[in-house]
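Chemist: Take a look at the following structure, please.
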Amino acid sequence: MVFLRLVRRFANVMHIPKIPKDIYGAPVDPNLPHQSSKLTHLSNGEEWVHKIPPIIVDDDVVRCGGVKTVGLGHPVVYIKLDKRKQGQVEKCKWCGLRYQKNPALIHHHHEH
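To convert, note that position 86 of the sequence shown is 86 in the UniProt record's numbering; the numbers rise steadily by one, no gaps.
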């Protein structure tokens, strides 16, 4: 017991840096890119998702559940395509994946 008190007192005097921990109490090294977001909850995820080209689909409505293969799933949402302008890209509000109706299937109306 005396030893623990001495160690604590010595640690306070020496200003030993505290090791950051994540929400589960596991140590985190903020200098490692894959661990820094555990402390800041910031990431460049939106940047990465934007690098994925729009997913071309044949239907008017898309079912999106995120990218579950890499653990980025989310509640299923249905996204209506071509609601504003034919061929317009629509984005999932949860994961940022973008969808577009197949341009070959868009019927263009010609005015006479």
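Glycine included, C-beta positions come from ideal geometry on N, C-alpha and C.
Answer with buried or exposed for residue 47, where buried requires no fewer than 16 other C-beta atoms within 10 angstroms of its C-beta.
Modeler: Here residue 47 refers to the residue found at position 47 of the sequence shown. Flag for residue 47 reads exposed.
Chemist: Select from 84, 86, 85, 90 the residue whose C-alpha is nearest the C-alpha of residue 78.
Modeler: Here residue 78 refers to the residue found at position 78 when the sequence shown is read from its first residue. Ranking the options by Cα distance to residue 78, first place goes to 90.
Chemist: Where residue 103 and residue 45 are concerned, what is the direct C-alpha to C-alpha distance, given to the nearest angstrom?
Modeler: Position 103 of the sequence shown, counted from the first residue, corresponds to residue 103. Position 45 of the sequence shown, counted from the first residue, corresponds to residue 45. Rounded to the nearest angstrom, the two C-alpha atoms are 28 Å apart.
Chemist: Determine the direct distance from the alpha carbon of residue 105 to that of residue 98, and round the result to whole angstroms.
Modeler: Working through the sequence shown from its first residue, we reach residue 98 at position 98. Working through the sequence shown from its first residue, we reach residue 105 at position 105. Each residue's Cα considered, the two are about 18 Å apart.
Chemist: List the DSSP bridge partners of residue 65.
Modeler: As a first step, residue 65 is located in the sequence shown; it is residue number 65 there, counting from the start. Note: residue 65 sits in no beta bridge, so no partner.
Chemist: My output table needs one value for residue 74: the three-state DSSP class, helix, strand or coil.
Modeler: As a first step, residue 74 is located in the sequence shown; it is residue number 74 there, counting from the start. DSSP places residue 74 in strand when its eight states are reduced to three.
Chemist: Going by DSSP, what residue range makes up the alpha helix (DSSP H) through residue 51?
Modeler: To locate residue 51, count along the sequence shown from 1; it is residue 51. First-last of the alpha helix (DSSP H) with residue 51: 45-51.
Chemist: Tell me whether residue 32 is buried or exposed, calling it buried when 16 or more other Cβ atoms sit within 10 Å of its Cβ.
Modeler: The residue labelled residue 32 in the question sits at position 32 within the sequence shown. Exposed.
Chemist: Using the beta-carbon count (16 or more within 10 Å), is residue 83 buried or exposed?
Modeler: The residue given as residue 83 occupies position 83 in the sequence shown. Exposed, since its Cβ has fewer than 16 Cβ neighbours within 10 Å.
Chemist: How would you write the range of the beta strand (DSSP E) that residue 19 sits in, first residue to last?
Modeler: Here residue 19 corresponds to residue number 19 of the sequence shown, with the count starting at 1. From DSSP, residue 19 is part of no beta strand (DSSP E); its letter is neither H nor E.
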